Every structure is written in structure tokens, then in C-alpha cells.
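First the structure, in the form of C-alpha cells, and then the observations on it.
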Amino acid sequence: MAQVHTHYDNLKVARDAPPEVIRAAYKTLSQKYHPDRNPGNAEAIRIIQIINSAYEVLSDPVKRQEHDAWIARTEAGTGAFSQRGSGKPFFHGSSGMGAEQRTQGRHAVRKRVRRKSGGSSGSAMEKLRMMLGRFSRMLFPRM
Numbered sequence: 001m002a003q004v005h006t007h008y009d010n011l012k013v014a015r016d017a018p019p020e021v022i023r024a025a026y027k028t029l030s031q032k033y034h035p036d037r038n039p040g041n042a043e044a045i046r047i048i049q050i051i052n053s054a055y056e057v058l059s060d061p062v063k064r065q066e067h068d069a070w071i072a073r074t075e076a077g078t079g080a081f082s083q084r085g086s087g088k089p090f091f092h093g094s095s096g097m098g099a100e101q102r103t104q105g106r107h108a109v110r111k112r113v114r115r116k117s118g119g120s121s122g123s124a125m126e127k128l129r130m131m132l133g134r135f136s137r138m139l140f141p142r143m
């Protein structure tokens, strides 16, 4: 059973910690790494963002349950991993949408646009395709 770095590790609490302990750990770490207490420290800003993200997930019972399920799947070896084999998850948190699903969604949108246009290849259709491609690349950059 492989050990995975989780939001619990980011807040330095046990996985079965009650909400009061999670809140206390969040308050302690956020005070320690707050940008006002560490002016000009880029590392402190990065750490506070991680702490905020972890607390956002662990303070919400639904998101916490999803996170616990993700941990169980990942540690059992059935979690969703990136194609590069880095061991980092496709998704983590509330979105639940991996790179493969985003790509499929983009292609599905293109197919719908072609279908609605009736197959015409006029300049307006080409502009729409070009704008859609730019927009989708901006929203879903390749990993």
C-alpha cells in the first residue's frame, strides 16, 4: 500500500482528525506563514496557498469525503494517474475532471459546432472554429 501526500499532510493532522483539530491546525499554520508576517517571501505565499486549499477541502464534509475516497483509491492502486507515469493525480479536489475528459469535451464541442452549422465551410465558420480552438487551449492547456 503506497503512501500518498494528502491535504491532511499539508495541514499536519491525522486522517481521522475532527473538524476542531483541522481548524486549529489551519489557524496555526496560516498565522505562521501569513504574507504579512513574511513580507517578500515567495515560499511563504506558496505555502499559504497550499494551506488554504487543504483547509477548503477538509472543512467541507462533502469535499472531505471525496478526498478520503480519492486517497483510498490511490493507495489501493486504482486511482487515476497521469499518463506520464509521474504518480501525480489527474485530478484532485472537487472538479473530478481529468485531462482525458477535458480533451473529449473539447472535441465534443467541436463536433456540435460542425453539426449545427450544417457543414458549411464559410469564413464565419472558420473564425468560430479558430476562436473555439484558442479558447479551449487557454482553458485546458496541455500537461
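Note that the UniProt record's numbering has the sequence shown beginning at 1, numbered continuously upward.
All residues carry an ideal CB built from backbone N, CA and C; glycine is no exception.
Since this is a predicted model, take the numbers as computed values, not measurements.
Contacting residues, own chain, Cβ-Cβ under 6 angstroms from residue i (five flanking each side not counted)
{"i": "Thr74", "result": "Val4"}
{"i": "Gly133", "result": "none"}
Residue i to residue j span [Cα, whole Å]
{"i": "His34", "j": "Asn10", "result": "15 angstroms"}
{"i": "Arg23", "j": "Ile48", "result": "14 angstroms"}
{"i": "Gly62", "j": "Met125", "result": "One point to set straight first is that residue 62 is Val, not Gly, in the sequence displayed. When rounded, the distance between both Cα atoms is 43 angstroms."}
{"i": "Gln65", "j": "Glu43", "result": "29 angstroms"}
{"i": "Trp70", "j": "Pro19", "result": "19 angstroms"}
{"i": "Ala72", "j": "Val21", "result": "22 angstroms"}
{"i": "Ala76", "j": "Gly40", "result": "41 angstroms"}
Contacting residues, own chain, Cβ-Cβ under 8 angstroms from residue i (five flanking each side not counted)
{"i": "Gln31", "result": "Arg37"}
Beta-carbon contacts of residue i that lie in its chain and below 7 angstroms, excluding the five residues immediately before and after
{"i": "His7", "result": "Ala54, Val57, Leu58 and His67"}
{"i": "Met130", "result": "none"}
{"i": "Tyr26", "result": "Leu11, Ile51 and Tyr55"}
Whole-Å CB distance - residue i paired with residue j, under 8 angstroms assumed
{"i": "Leu29", "j": "Ile45", "result": "Between Ile45 and Leu29 the Cβ distance is about 13 angstroms, and since that is not below 8 angstroms, they are no contact."}
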